[in-house]
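Accompanying notes for the structure given below.
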Amino acid sequence: MAARFSLPEDDLCCPVCCDVFRDPVVLKCSHSFCAACLQQYWSGKGSGRDCPLCRREFVDEPVASLTLKNLCDSYIQGSGALRPTGELCEPGELCSLHGERLKLFCLQDKEPICVVCHTSRKHKNHECCPVEEAIGDIKEEMKSVFICLQEKREAFDKMKQNYENTVIHIQVQARFAAKRIHEEFEKLHHFLQAEEAARLAALKEEEESKSEMLRQSMREMDRTLASLSDTIRAMEEEMALEDIALLHKCKQTMRSAQCITLQDPVMVSGALIDVAKYLGSLQYKVWEKMQGIVKYTPVTLDPNTAAPWLLLSEDLTSVRDSNDKLKLPDNPERFDPDTGVLGSEGFSSGKHVWDVEVGENSAWVLGVAKESIKRKERSPLC
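By the UniProt record's numbering, the letter at position 77 of the sequence shown is numbered 77, and the numbering carries on one by one without gaps.
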């Protein structure tokens, strides 16, 4: 009995359904198939009869193979029970159109097909390969794509972290800029307040000086008015006399009146405040005076372009080396690995001259660069 089942299971399986033969038939080319599988294959073609394996065409009817049938029956009985076609297949291993095992892979349509599909119009003349080879190729292709996706994810993770660091750096920049703006305006506020106080003090001083001058003139005028009133009153009394007494007193009264040789009173010149001196072109004069305390820098360094090894002053006018690499966002404008920094404003034409203090530093490079200068690679000048 052992000799009867010495054939491997693959030799007892139909090439079409990949299951143990049922009612096997044999063609003249010696290839065997299930009778139903062969008829279904031929029906799917529509015309012509050929072998599903070697494609040899036949006119004669296939012959039933009793020997192969007996071997298959014995094998099924020995394995325990008779199983219907397709029960040994896993879900998805059978063609949804023909119910046959998917043994081929269409390279053009990128889908698994059965041998019946291979001869259909849809896949006719399409290059195919065994499913096992396609699985291996697909795994290799997926492995390559998988590695690429992993690298892409790492790049996005790195860029996300860079964005998060940039958000923090933006907040630091905003606080620093706000602090510097407040300090600079405090200086301007202090200057303006001092200038305002000085001008108000000068105005107050002139007001008091001219008011006191007029008050002094008014006091002198009061004394003169009192003397005039006394003289007038005396003259009125004497003019009322009718007897010889008038003649005795008029001499002295006339002498007193003649001593008062007064001109008509006039307004003192320059008594009013010179308002135009205080208000004339006030803002311009203050701005002109302000230029003595402000400093103009023709070149302001752009901190967003500074390499991580450079430290810029708070007023962005000087730069020096840093002992350690600073934690700065890797933005496109920044020089790295090259050690450089650009001015915040560029020029498209004209002549420009700068005086640069290099101190005791003997290693430095100064020049004019195009806006398109490559900032992520080392310059040949450095």
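Beta carbons are placed, not taken as given, at the ideal position from N, Cα and C, and that holds for glycine.
With a threshold of 7 Å, establish whether the CB of T339 neighbours any heavy atom of the ligand ATP.
Ligands displayed in this structure: none; no statement on the ligand ATP is therefore possible.
- [ ] Report all residues from its chain with a CB closer than 7 Å to the CB of S30; omit the five preceding and five following residues, and keep chain order.
- [x] Nothing listed; no residue qualifies.
Worksheet item: Excluding five sequence neighbours on each side, which residues of the same chain lie with their C-beta closer than 6 Å to the C-beta of L107?
Response: Apart from sequence neighbours up to five positions away, the residues of its chain that approach L107 with a beta-carbon distance below 6 Å are E127, ordered along the chain.
Exercise for the section: Find out if the Cβ-Cβ distance for the pair L310, T339 is shorter than 8 Å. Expected result: Result yes, Cβ atoms of L310 and T339 sit closer than 8 Å.
Output the boundary residues of the alpha helix (DSSP H) element that contains D137. Segment 131-239, the alpha helix (DSSP H) holding D137.
Taking the alpha carbon of V266 as the point to measure from, which residue in G136, L214, R121 has its own alpha carbon closest?
-> When only C-alpha atoms are compared, the closest one is L214.
Between the region 96-113 and the region 60-67, do at least 3 Cβ pairs fall closer than 8 Å? The way I'd put it, the region 96-113 doesn't touch the region 60-67; fewer than three beta-carbon pairs between them come closer than 8 Å.
- Task: Tell me V25's beta-bridge partners as DSSP assigns them.
- Result: Its beta-bridge partners are F33, A64.
- Item | Limits of the unbroken alpha helix (DSSP H) element including C117 | That run of the alpha helix (DSSP H) goes 115-118.
**OP:** Tell me whether H123 is buried or exposed, calling it buried when 16 or more other Cβ atoms sit within 10 Å of its Cβ.
**Re:** It counts as buried.
### Message
Using only CA atoms, which one of L342, V368, R22 lies nearest to G350?
### Response
Cα-wise, what sits closest to G350 is V368.
Looking at the structure shown, is D73 part of a helix, part of a strand, or coil, going by DSSP? D73: helix per DSSP, three-state reduction.
Practice problem: Tell me whether the beta-carbon of P15 lies closer than 8 Å to the beta-carbon of P52. | Solution: Yes. Within cutoff.
Taking just the CA atoms, how far does P298 sit from L366?
L366 and P298: Cα-Cα distance of roughly 15 Å.
### Message
Helix, strand or coil for L247? Go by DSSP, reduced to three states.
### Response
In the structure shown, L247 sits in a helix (DSSP, three-state: H, G or I).
Q.
Please return the same chain residues whose Cβ sits closer than 6 Å to the Cβ of W364, not counting the five positions on each side in sequence.
A. So the qualifying residues of the chain are V358.
| In chain order, what residues of the same chain lie with their CB nearer than 6 Å to the CB of L326, ignoring the 5 residues before and after it? | Within the same chain, L326 has close Cβ partners P308.
**Q.** Outcome for Y41 when other beta-carbon atoms lying within 10 angstroms are tallied against a minimum of 16
**A.** When all chains shown are included, Y41 counts as buried.
CA-to-CA distance, L66 to I96, given in whole angstroms
Ile is not the amino acid found at residue 96; the sequence shown has Ser there. When rounded, the separation of the alpha-carbon atoms in S96 and L66 is 31 Å.
- Task: Return the first residue and the last residue of the alpha helix (DSSP H) that L282 is part of.
- Result: Note, L282: alpha helix (DSSP H), 282-290.
task: Please determine if the region 66-77 and the region 134-152 are in contact, where contact requires at least 3 C-beta pairs separated by less than 8 Å.
output: By the C-beta criterion, the region 66-77 is judged not to be in contact with the region 134-152, since fewer than 3 inter-stretch pairs fall below 8 Å.
Roughly how far, in whole angstroms, is the beta-carbon of I273 from the beta-carbon of E207, given that I think they are within contact range, below 8 Å? Their Cβ separation, rounded to whole angstroms, is 6 Å, which keeps I273 and E207 in contact under 8 Å.
Fill in: L312, enclosing beta strand (DSSP E) - first and last residue
Per DSSP, the continuous beta strand (DSSP E) segment holding L312 begins and ends at 310-312.
query: From E360, R378, G346, C37, pick the residue whose C-alpha is nearest to that of E371; which is it?
result: When only C-alpha atoms are compared, the closest one is G346.
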